[in-house]
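The sequence shown begins at 1 in our numbering and counts up one residue at a time. All residues carry an ideal CB built from backbone N, CA and C; glycine is no exception. To start, the structure under review is shown below, and the notes come after it.
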Amino acid sequence: MGISERLQDERKRLGLTQEAVAEKVGATKRSVINWEGGASLPGAEALSRYAAIDADVGYILTGLPSDRSKGARAQSPEETVLLEYFRAASPTVRRAAIGALLGAATPASQVMQNHGGGSHTMIGSISGTYNPPSAPSKTSRRKS
């Protein structure tokens, strides 16, 4: 996420429209659209005005939220539940959860599928092509 996306992120966090931000920072709506779209970047004066409306300018510039805005970036209900269960889990379950999340980010072309019976668990990823052996044909039985 770059500066443009973080400008938009902060505007939305503050509950402002592009027009409202433009008015508060002394710019045109077109300038705000250009800043958020990556066509241009705000100057120091505009950024100081962003700070005056409670935008986290440190976050906008670096991507690292300041202490005062960390609380404003509330977790989603899913994140809260995930953290509660993760913190209560054993080290083994924590490693499995991390592995499952990392495995879920693997491109579909690299996901291992189970072709057969039984239940197997795999954590991680395998790259390359896998062609399972084909089952013997039912029509190829010998006649006695």
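{"Check": "DSSP three-state assignment for Ala20, whether helix, strand or coil", "Outcome": "helix"}
{"Check": "Local Cβ density within 10 Å of Tyr50, reported as buried at 16 or more and exposed below that", "Outcome": "buried"}
{"Check": "Buried/exposed call for Asp56, threshold 16 Cβ in 10 Å", "Outcome": "buried"}
{"Check": "Per-residue DSSP class, three states only, for Ala100", "Outcome": "helix"}
{"Check": "Inter-residue spacing [alpha-carbon to alpha-carbon] between Gln18 and Thr28", "Outcome": "9 Å"}
{"Check": "Unbroken alpha helix (DSSP H) run spanning Pro77, endpoints", "Outcome": "77 to 88"}
{"Check": "N- and C-terminal bounds of the alpha helix (DSSP H) containing Asp9", "Outcome": "3 to 13"}
{"Check": "Between the CA atoms of Arg87 and Ser76 - distance to the nearest angstrom", "Outcome": "17 Å"}
{"Check": "Distance between beta carbons of Ala22 and Val32, contact taken as under 8 Å", "Outcome": "5 Å"}
{"Check": "Helix, strand or coil at Ser219 [DSSP, three-state]", "Outcome": "In the structure as shown, the chain begins at 1 and stops at 144. Residue 219 is therefore absent and cannot be evaluated."}
{"Check": "Cα-Cα separation, Ala44 to Leu61", "Outcome": "11 Å"}
{"Check": "Residue interval of the alpha helix (DSSP H) (run including Thr28)", "Outcome": "Counting along the chain, Thr28 falls outside any alpha helix (DSSP H), and DSSP gives it neither H nor E."}
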